[in-house]
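So the number in this note's numbering is just where the residue sits in the sequence shown, counting from 1, plus 237. Below: one structure, written as structure tokens.
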Amino acid sequence: DGGAEDGSAEDGSAEDGGAEDGGVEDGGAEDGGAGVAARLRALRIDPPPEARGTVERFLPWLAGRLRGKRETAIYPAYMALLQYVAHCVGSTGAPRVVLPCTSDRKPTGCDEEIRVDTALVVRRDTSEAADLASEKSRPVSRDVFAYTEIKGAVTELHNAYEQLLQYSRQIYQSQHNRRFAWGLVVCATTAHLVLLTTDHAVASDAMDLATAAGRQAFLRVLVDLSFCSEAQLGYDPTVVWRAGPGTGRKGHWEIKCPALDGGTATYYARDSPLPADRLFGRHTRGFLASRRLEDVDSPDVFIKDAWAHSSPDASDDPRDEARLLQVIRNELDAGSDDDERPPYVRLEHGGPVRFEHGGMSVMDTTAAVLGRAYQGVAAQVQARAAVAQPPSSTHDDDAAEQPRPPAMPYRVHRRLAMSPVGEPLDWLNSAYELIIVMADAMHTHATILTKCGVLHRDISYNNVLTVRTKGQCVRGLLVDFDCAVEVGADRRARPERTGTPPFMSIQNLLGGPVPRSELDDWESALYVLCWFGMYGVSEADRAKRREEMKRDKRLLSEPKRWEIGTFREIASAKRDHMGDTEVFKECILDNFILGEDYDMLKLLAEVDASGSPTPKPKSLEEMVAALSGGDALANVNPFQRRFEKRTKIVAGLLKLIAVAASGARKALGF
238 DGGAEDGSAE
248 DGSAEDGGAE
258 DGGVEDGGAE
268 DGGAGVAARL
278 RALRIDPPPE
288 ARGTVERFLP
298 WLAGRLRGKR
308 ETAIYPAYMA
318 LLQYVAHCVG
328 STGAPRVVLP
338 CTSDRKPTGC
348 DEEIRVDTAL
358 VVRRDTSEAA
368 DLASEKSRPV
378 SRDVFAYTEI
388 KGAVTELHNA
398 YEQLLQYSRQ
408 IYQSQHNRRF
418 AWGLVVCATT
428 AHLVLLTTDH
438 AVASDAMDLA
448 TAAGRQAFLR
458 VLVDLSFCSE
468 AQLGYDPTVV
478 WRAGPGTGRK
488 GHWEIKCPAL
498 DGGTATYYAR
508 DSPLPADRLF
518 GRHTRGFLAS
528 RRLEDVDSPD
538 VFIKDAWAHS
548 SPDASDDPRD
558 EARLLQVIRN
568 ELDAGSDDDE
578 RPPYVRLEHG
588 GPVRFEHGGM
598 SVMDTTAAVL
608 GRAYQGVAAQ
618 VQARAAVAQP
628 PSSTHDDDAA
638 EQPRPPAMPY
648 RVHRRLAMSP
658 VGEPLDWLNS
668 AYELIIVMAD
678 AMHTHATILT
688 KCGVLHRDIS
698 YNNVLTVRTK
708 GQCVRGLLVD
718 FDCAVEVGAD
728 RRARPERTGT
738 PPFMSIQNLL
748 GGPVPRSELD
758 DWESALYVLC
768 WFGMYGVSEA
778 DRAKRREEMK
788 RDKRLLSEPK
798 RWEIGTFREI
808 ASAKRDHMGD
818 TEVFKECILD
828 NFILGEDYDM
838 LKLLAEVDAS
848 GSPTPKPKSL
858 EEMVAALSGG
868 DALANVNPFQ
878 RRFEKRTKIV
888 AGLLKLIAVA
898 ASGARKALGF
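Printed below as a string of structure tokens:
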């Protein structure tokens with residue numbers, strides 16, 4: 238099983254209050270500390286002498302004497318119980334013990350102003366138990382195994398779950414080798430173990446520590462966590478941190494990546510510049526890495542690690558990014574003699590992550606994480622989906638995949654090593670560079686579609702990078718084929734919406750019946766150009782625009798409609814802006830930053846927005862004249878008309894952006 242053997246119960250979910258609230262029996266803790274010792278002996282663990290001194294600190298809590306007290310009264314009792322169990326388990330030679338850290342402190346390295354009730358860490362033995370629990374101690378975010386949220390009454394269970402989820406995001410943000418996470422909530426004497434997967438928080442049944450049965454269940458959880466494998470704890474055995482030798486020496490990550498010819502390839506990286514910063518979703522992480530340890534500070538590949546939506550049937554997975562990138566590599570490598578061709582993302586190694594567990598090679602999937610609980614959790618998710626669809630969002634890292642199917646989400650953990658290494662568009666210096674980079678990206682987009690039959694479907698400012706070579710003009714790199722699909726001559730409409738909301742095409746946002754095409758991606762490219770034109774390309778321009786927006790709250794109020802609301806509301810805003818030349822000029826173009834490079838960007842955006850074909854252009858000005866008299870697309874169904882004429886329109890747009898890029902290169906002296 239992916240989780241600790243009996244730790245992940247199949248019942249309940251923290252999403253709506255979770256498993257039963259449980260309750261404290263009127264009889265109190267029955268046999269108190271002696272009962273805890275008896276249960277440990279039943280598990281073949283005898284309490285050592287150092288454990289006995291903690292009994293008097295947790296016995297009043299288990300006896301029900303803290304009922305009605307504030308949650309802070311429970312902190313020391315809960316910590317004492319965990320220390321007691323850790324001393325007992327540690328005496329058996331267990332691989333690890335679970336120890337509590339001091340309570341009500343903000344963890345070091347945390348990016349939020351939070352104070353956690355109790356953080357749990359794992360250690361080889363109990364030698365640090367006293368220091369970790371001391372008031373001078375502070376938990377370290379990247380060292381935390383799990384958080385515990387404590388409340389004084391069982392009626393506060395839902396609130397406890399909410400706070401636990403808020404804290405647990407920090408585990409993924411600071412620990413780049415976490416596949417999933419655990420958490421605990423304690424309300425009065427009732428405890429729930431919580432398993433946090435990429436899509437759900439699954440809570441165990443209530444364990445009432447005031448009863449013998451509840452204590453036995455809770456002790457078994459702690460014992461299981463002490464004896465299970467690292468993978469069952471939620472850690473990724475294929476991503477290992479190697480501390481640097483000596484004081485002050487840098488450490489590095491050792492990352493196993495699936496090789497294209499089978500086996501694994503080892504890469505080395507410093508800390509991740511792209512952490513997984515959300516509790517649920519794809520948990521996309523990025524590493525700048527090298528094949529040789531001595532080159533770790535001169536990385537030449539980018540490793541993308543993510544949990545993408547997939548299917549239990551590997552043959553029924555049209556959006557396998559590793560497979561699509563291998564198709565692109567095979568096709569484009571065959572014609573690699575063209576020095577003028579823009580760079581394309583090349584898959585060096587990649588595929589589903591696998592690790593050894595119980596003498597077997599296990600593919601890391603949702604089913605592997607949940608283990609025996611998978612079918613039970615899936616049944617509950619199905620039942621709830623039949624009652625009410627989950628609310629759609631527009632800005633989590635799975636916004637591109639809304640609405641989610643009602644079935645239990647199934648994900649596959651994939652890791653890709655790709656070259657070359659690029660830089661984000663935020664690092665560009667001028668609008669001239671932006672035009673050049675976007676021209677390269679869209680040229681590559683067209684080449685991949687024509688030669689490989691792969692449609693990208695997610696053009697956004699995050700998915701186009703810049704590549705710089707000393708003494709040469711900047712180039713553009715199209716990346717992130719998570720949403721890409723193979724398309725043939727017979728295009729068909731696909732029900733899912735893919736993309737990043739501010740840059741999604743109108744047709745994509747509406748989820749209409751017209752098949753998605755390359756023109757939807759070109760429309761997205763137009764939004765990228767407009768976005769940077771209004772908010773600024775260089776950091777200096779963006780800072781200036783931020784100051785202007787502070788002084789004038791109405792500035793860019795119309796473009797902000799591309800970000801806020803439902804998909805249909807965003808589509809409506811874009812139709813308002815794009816459907817009329819004067820409105821587009823007033824709401825979008827007139828908000829562009831002033832400057833010669835932005836004037837060229839504005840002209841490009843204005844012509845691009847017409848979506849019309851053109852004969853052979855000689856200059857951008859001639860392009861404007863040609864397109865202004867072009868074929869209008871104002872029919873009853875402009876999306877269908879546009880789709881039918883897509884080949885001719887794209888040919889014109891490629892020429893248009895190539896002319897603009899040529900002018901931009903000349904302006905930069907290339």
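The C-beta atom is built at its ideal place from N, Cα and C for all residues, glycine as well. Given the structure is predicted, the values throughout are model-derived calculations rather than measurements.
Which of helix, strand or coil does DSSP assign to residue i?
i: Ala808; result: helix
i: Glu795; result: coil
i: Pro495; result: strand
i: Ala513; result: coil
i: Arg647; result: Here residue 647 turns out to be Tyr, not Arg, going by the sequence shown. The answer is coil: DSSP assigns Tyr647 none of H, G, I, E or B.
i: Val896; result: helix
i: Ala383; result: strand
i: Gly770; result: helix
i: Ala559; result: helix
i: Phe539; result: strand
i: Pro332; result: coil
i: Ser598; result: strand
i: Thr345; result: strand
i: Met741; result: coil
i: Asp354; result: coil
i: His413; result: coil
i: Lys885; result: helix
i: Arg578; result: coil
i: Ala721; result: coil
i: Val751; result: coil
i: Pro482; result: coil
Spatial neighbours of residue i within its chain, please: C-beta separation below 8 angstroms, excluding the five flanking residues on both sides.
i: Tyr409; result: Arg415, Ala418, Pro512, Ala513, Asp514, Arg515, Leu516, His520
i: Ile807; result: Thr631, Pro738, Pro739, Met741, Leu746, Arg798, Trp799, Glu800, Ile801
i: Ala895; result: Ala676, His680
i: Lys343; result: Glu350, Ile351, Arg352, Val353, Arg375
i: Arg566; result: Arg583, Leu584
i: Arg556; result: Ala545, His546, Ser547, Asp719, Cys720, Ala721, Val722
i: Glu660; result: Leu702, Thr703, Val704, Arg705
If I measure Cβ to Cβ from residue i and keep anything under 7 angstroms in the same chain, skipping five residues before and after, which residues do I get?
i: Phe539; result: Gly523, Leu525, Met655, Val658
i: Gly488; result: Trp478, Arg479, Ala480, Gly481
i: His594; result: Ser466, Ala468
i: Phe455; result: Ala428, Met444, Leu446
i: Ala898; result: Ile672, Ile673, Ala676
i: Phe907; result: Cys710
i: Arg902; result: Ile673, Cys710
i: Gly471; result: Arg415, Arg416, Phe417, Ala418, Trp419
Compute the beta-carbon to beta-carbon distance between residue i and residue j, rounded to the nearest angstrom, for a pair I have assumed lies under 8 angstroms.
i: Val724; j: Val701; result: About 21 angstroms; that fails the 8 angstroms criterion.
i: Thr385; j: Asp354; result: 6 angstroms
i: Thr291; j: Val334; result: Contact flag wrong, Cβ pair sits at about 13 angstroms.
i: Pro738; j: Trp768; result: Wrong, their Cβ atoms sit about 12 angstroms apart, outside the cutoff.
i: Val722; j: Arg694; result: 7 angstroms
i: Pro337; j: Ala383; result: Rounded, the Cβ-Cβ distance is 10 angstroms, inconsistent with contact.
Could you check where the beta strand (DSSP E) with residue i kicks off and where it finishes?
i: Ile801; result: Counting along the chain, Ile801 falls outside any beta strand (DSSP E), and DSSP gives it neither H nor E.
i: Arg522; result: 522-527
i: Val533; result: No beta strand (DSSP E) contains Val533, which DSSP labels as neither H nor E.
i: Arg591; result: 591-594
i: Ala418; result: 418-424
i: Val431; result: 427-433
i: Val476; result: 476-479
i: Tyr472; result: Taken as a continuous stretch (DSSP letters only), Tyr472 belongs to no beta strand (DSSP E), as it is neither H nor E.
i: Ala440; result: 438-440
Hey, could you find the ends of the alpha helix (DSSP H) residue i is sitting in?
i: Val606; result: 603-607
i: Met316; result: 311-327
i: Ile825; result: Looking at the DSSP string, Ile825 is not in any alpha helix (DSSP H), and its letter there is neither H nor E.
i: Ala370; result: 366-370
i: Leu296; result: 292-299
i: Val458; result: 449-464
i: Ala777; result: 776-788
Cutting at 6 angstroms between CB atoms, please list the residues of its own chain near residue i, excluding the five before and the five after it.
i: Glu558; result: Phe718, Asp719
i: Val887; result: Glu755
i: Arg641; result: Bear in mind that the predicted position of Arg641 carries a pLDDT of just 47, short of 50, making it unreliable; the figure below should be weighed with that in mind. For Arg641, where only same-chain residues beyond five positions count, there are no Cβ hits under 6 angstroms.
i: Tyr669; result: Asp834, Ala901, Ala904, Leu905
- Can you list, in chain order, the stretches of the alpha helix (DSSP H) that have 4 or more residues and sit fully within the segment 652-717? Fully contained in the segment 652-717 are the following alpha helix (DSSP H) runs of length 4 or more, in chain order: 668-689.
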